[in-house]
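Protein chains in written order, with UniProt numbering: chain A, 1 to 375; chain B, 1 to 375.
2 protein chains.
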Amino acid sequence: MFTLQKTSSKTKARLGKLTTDHGTIETPIFMPVGTLGTVKAVNQDDLSEKIKAQIILGNTYHLYLRPGNKIIQDAGGLHKFIGWDKPILTDSGGYQIFSLAEIRNLKEKGATFQSHIDGSKHLFTPENVVGTQRILGSDILMILDECPPYPAEFDYVKNSMELTHRWAKRGREEFLKTDPLYGHKQFQFGIVQGGVHKDLRKESSEYMASLDFEGLAIGGLSVGEPTDLMYEISDFNTDYLPENKPRYLMGVGTPANLLQNVAFGIDMFDCVMPTRNARNGMIFTRNGKINVRNAKWKHHHKPLDPDFPSELCQRYNMSYIHHLIRSNEILGLQLTSKHNLTFYLWLMERIREQIKNDTYHEWYSGMMQTVDQKI
Amino acid sequence: MFTLQKTSSKTKARLGKLTTDHGTIETPIFMPVGTLGTVKAVNQDDLSEKIKAQIILGNTYHLYLRPGNKIIQDAGGLHKFIGWDKPILTDSGGYQIFSLAEIRNLKEKGATFQSHIDGSKHLFTPENVVGTQRILGSDILMILDECPPYPAEFDYVKNSMELTHRWAKRGREEFLKTDPLYGHKQFQFGIVQGGVHKDLRKESSEYMASLDFEGLAIGGLSVGEPTDLMYEISDFNTDYLPENKPRYLMGVGTPANLLQNVAFGIDMFDCVMPTRNARNGMIFTRNGKINVRNAKWKHHHKPLDPDFPSELCQRYNMSYIHHLIRSNEILGLQLTSKHNLTFYLWLMERIREQIKNDTYHEWYSGMMQTVDQKI
Numbered sequence: 001m002f003t004l005q006k007t008s009s010k011t012k013a014r015l016g017k018l019t020t021d022h023g024t025i026e027t028p029i030f031m032p033v034g035t036l037g038t039v040k041a042v043n044q045d046d047l048s049e050k051i052k053a054q055i056i057l058g059n060t061y062h063l064y065l066r067p068g069n070k071i072i073q074d075a076g077g078l079h080k081f082i083g084w085d086k087p088i089l090t091d092s093g094g095y096q097i098f099s100l101a102e103i104r105n106l107k108e109k110g111a112t113f114q115s116h117i118d119g120s121k122h123l124f125t126p127e128n129v130v131g132t133q134r135i136l137g138s139d140i141l142m143i144l145d146e147c148p149p150y151p152a153e154f155d156y157v158k159n160s161m162e163l164t165h166r167w168a169k170r171g172r173e174e175f176l177k178t179d180p181l182y183g184h185k186q187f188q189f190g191i192v193q194g195g196v197h198k199d200l201r202k203e204s205s206e207y208m209a210s211l212d213f214e215g216l217a218i219g220g221l222s223v224g225e226p227t228d229l230m231y232e233i234s235d236f237n238t239d240y241l242p243e244n245k246p247r248y249l250m251g252v253g254t255p256a257n258l259l260q261n262v263a264f265g266i267d268m269f270d271c272v273m274p275t276r277n278a279r280n281g282m283i284f285t286r287n288g289k290i291n292v293r294n295a296k297w298k299h300h301h302k303p304l305d306p307d308f309p310s311e312l313c314q315r316y317n318m319s320y321i322h323h324l325i326r327s328n329e330i331l332g333l334q335l336t337s338k339h340n341l342t343f344y345l346w347l348m349e350r351i352r353e354q355i356k357n358d359t360y361h362e363w364y365s366g367m368m369q370t371v372d373q374k375i
Numbered sequence: 001m002f003t004l005q006k007t008s009s010k011t012k013a014r015l016g017k018l019t020t021d022h023g024t025i026e027t028p029i030f031m032p033v034g035t036l037g038t039v040k041a042v043n044q045d046d047l048s049e050k051i052k053a054q055i056i057l058g059n060t061y062h063l064y065l066r067p068g069n070k071i072i073q074d075a076g077g078l079h080k081f082i083g084w085d086k087p088i089l090t091d092s093g094g095y096q097i098f099s100l101a102e103i104r105n106l107k108e109k110g111a112t113f114q115s116h117i118d119g120s121k122h123l124f125t126p127e128n129v130v131g132t133q134r135i136l137g138s139d140i141l142m143i144l145d146e147c148p149p150y151p152a153e154f155d156y157v158k159n160s161m162e163l164t165h166r167w168a169k170r171g172r173e174e175f176l177k178t179d180p181l182y183g184h185k186q187f188q189f190g191i192v193q194g195g196v197h198k199d200l201r202k203e204s205s206e207y208m209a210s211l212d213f214e215g216l217a218i219g220g221l222s223v224g225e226p227t228d229l230m231y232e233i234s235d236f237n238t239d240y241l242p243e244n245k246p247r248y249l250m251g252v253g254t255p256a257n258l259l260q261n262v263a264f265g266i267d268m269f270d271c272v273m274p275t276r277n278a279r280n281g282m283i284f285t286r287n288g289k290i291n292v293r294n295a296k297w298k299h300h301h302k303p304l305d306p307d308f309p310s311e312l313c314q315r316y317n318m319s320y321i322h323h324l325i326r327s328n329e330i331l332g333l334q335l336t337s338k339h340n341l342t343f344y345l346w347l348m349e350r351i352r353e354q355i356k357n358d359t360y361h362e363w364y365s366g367m368m369q370t371v372d373q374k375i
């Protein structure tokens, strides 16, 4: 499934190829988040052709509640339901149970929770989230895990990690004894937990590696800890992950976070930031971050950057974007969302180029400062 | 400005061409409404290339309040501000003062009102709405009028009409003694009032015709009166409008309303219905109206009509559109809005074909029934 093509000589950055039945993904890659089967405010053709997304993410928790497994199975899986024929990764729903469901109860068997929509009761187990993701038909499916908050007591994090390990074993067994429903291959990724504790991270990495998943994710970061600590743990953690498997850092992050974590050897990222912040008027660019709601853009009667390949940058005056966002017009959300994702995917392409040329170590820290500044 | 090319032999339907410095408009035409300088949920390229809009409408009241005259003037007018180089018609704001502003006061001089956004006080006069529309730089600008509600007392409607006449004269004088700001020609349309009273409609038509506007609108219909009465008055009213001037029926309407009013000799329409109803899940099609929120679409795992040239009809399953709209996803609004406008413009093209072939009289009433049925 994964071919490691090159490793940067002076950082841990890696260039790879991830092959699925819905197409090949060049890594490092960013995966736009399509929670309910739609990357918010973007249509599938733009996602593919303009943003150049190679893989998108769907949320099992959300899709299980709406439209539900039956609808998606009847449609022939998530790809057919939403009209997207490139790869899809689905999470397991674990994170959403803890962040969205108002009442939940964790037992050895699994997690019971009440829907945030209608209060109905549900149980997710390591086995049935495999079943749901078989129905979704995602190319990559994730195991059920518990993601502890930050900060959390060591004992809580350790017990939680051990539960995640037992769930991982059950989830892997379920995966290995079941088959895909729609004729295309599916892969399963394990999730390393352990909070910000290096000994737990090492233990969790080794345990997850032992289950021989097709890829491994680092979970439980970017949950409120300081950025430096996230970097320290990510850097440490990748040293304990197998070289020959793709590595996915879940829920990260800013453009600077991506640049830094690529240097630590991460291959895959997802985050709602480019789309969520877009809807609040934050525009990420190769020259820094912009809050288009700011008065300084009110009189900027020209496009932002005619040389950058996004509709927002080339086609409209910034004063108009300012007007649209301040007036809560849908077109504003469309343009900023599409732009931010275009920028994220553009950035990943630059990252891959730099690794290919073995210049990543010279380039990335300067780029981190540039993209992180406010303009 | 207007060339009448053909009149249907057995109805009053007309085929014409309206020439502006931003392009030629084939009539009968429907004008998508771009209230705040954006047709909600649709980008300008799709509006032009996919929906094939030939002219859009902007609302003076809304644009005057946000972003305000200075921003638009600095940008070089509304076309440049929003990135749209085809024709634009702007209303005068009269209708919005009466429907949106919470406190307003009508005097001979003009209408004072408080902004529905921040409560600030403003005065619109027949003269200054010409000034604002000079700043907007619309190709067609409308006079300030008072639009009485339905039902209303005869005396109220008569007095209101007479005020509109006095305002029309002042507005026309202001228009004739001022110049466009951006080097392209602007035209001014008068607005016939008179409620549902034929004698007043006749009087108002004759008065407006005497002021020699470049076109004439029928205002004050589609404000709550029964459809049959709207048809009766529209049919009556067009008999008193000059043959050689374009006729615009303001704020109308459903696809059936368009078909019927074209038969009465109307050339131009605008309405928020295709976009507003789209956002509530109503889809207009050549086979009838659909409420995509209905459960019957939940399991419809195929596109609606692969032969109809809209992204919604060709690219996505109806079950997915149902899911998007029920989940309040922005993509749902984008697809339904774009579809409905594509359908409205498609319908106008069919209408023009039928008039051209002089088959309109045989075709339109069957088509009215078809597009009006619920499916």
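All C-beta atoms, glycine included, are put in the ideal place defined by N, C-alpha and C.
Residue i: first and last residue of the uninterrupted beta strand (DSSP E) it sits in
i: Gly219 of chain A; result: That residue, Gly219 of chain A, is in no beta strand (DSSP E); it is neither H nor E in DSSP.
i: residue 376 of chain B; result: Nothing about residue 376 of chain B can be reported from this structure: the residues present for chain B run from 1 to 375 only.
i: Ile283 of chain A; result: Met282 to Thr285
i: Thr27 of chain B; result: Gly23 to Thr27
i: Asn105 of chain B; result: Arg104 to Leu106
Helix, strand or coil at residue i according to DSSP, with G and I counted as helix
i: Asp155 of chain B; result: helix
i: Asn257 of chain B; result: helix
i: Val33 of chain B; result: strand
i: Met268 of chain A; result: strand
i: Phe308 of chain B; result: coil
i: Met250 of chain B; result: coil
i: Gln188 of chain B; result: strand
i: Leu211 of chain A; result: coil
i: Met1 of chain A; result: coil
i: His122 of chain B; result: strand
i: Ile140 of chain B; result: strand
i: Ile88 of chain A; result: strand
i: Thr238 of chain B; result: helix
Neighbour-count burial assignment, residue i, 16 or more Cβ in a 10 Å radius
i: Thr164 of chain B; result: buried
i: Glu329 of chain B; result: buried
i: Phe154 of chain B; result: exposed
i: Ala295 of chain B; result: exposed
i: Ser210 of chain A; result: exposed
i: Gly220 of chain B; result: buried
i: Ile191 of chain A; result: buried
i: Gly224 of chain B; result: exposed
i: Asp85 of chain A; result: exposed
i: Ser193 of chain A; result: Before going on, a small fix: residue 193 of chain A reads as Gln here, not Ser. Result: buried.
Straight-line Cα distance separating residue j from residue i
i: Met31 of chain A; j: Leu78 of chain B; result: 37 Å
i: Ile82 of chain B; j: Phe308 of chain A; result: 19 Å
i: Asn43 of chain B; j: Thr275 of chain A; result: 18 Å
i: Thr254 of chain A; j: Lys298 of chain B; result: 37 Å
i: Ile321 of chain A; j: Ser327 of chain A; result: 10 Å
i: Leu345 of chain A; j: Thr7 of chain B; result: 55 Å
i: Thr90 of chain B; j: Gln314 of chain A; result: 26 Å
i: Leu335 of chain B; j: His300 of chain B; result: 17 Å
i: His323 of chain B; j: Lys121 of chain B; result: 43 Å
i: Thr370 of chain A; j: Arg350 of chain A; result: 14 Å
i: Ile266 of chain B; j: Asn105 of chain B; result: 32 Å
i: Glu203 of chain A; j: Tyr240 of chain A; result: 9 Å
i: Val39 of chain B; j: Tyr231 of chain B; result: 28 Å
Supposed contact pair residue j and residue i - C-beta distance, whole angstroms, cut 8 Å
i: Ile218 of chain B; j: Met250 of chain B; result: 7 Å
i: Lys12 of chain A; j: Thr3 of chain A; result: Between Thr3 of chain A and Lys12 of chain A the Cβ distance is about 17 Å, and since that is not below 8 Å, they are no contact.
i: residue 377 of chain B; j: Gln54 of chain B; result: This structure does not reach residue 377 of chain B, given that chain B is present from 1 up to 375, and the question cannot be answered.
i: Arg166 of chain B; j: Phe213 of chain B; result: So it is not a contact: roughly 15 Å between Cβ atoms.
i: Ile56 of chain B; j: Gly34 of chain B; result: 5 Å
Endpoints, alpha helix (DSSP H) assigned at residue i
i: Thr336 of chain A; result: Ile330 to Lys356
i: Thr275 of chain A; result: Met273 to Arg279
i: Thr60 of chain A; result: Thr60 to Leu65
i: Lys70 of chain A; result: Asn69 to Ala75
i: Gly94 of chain A; result: Gly94 to Ser99
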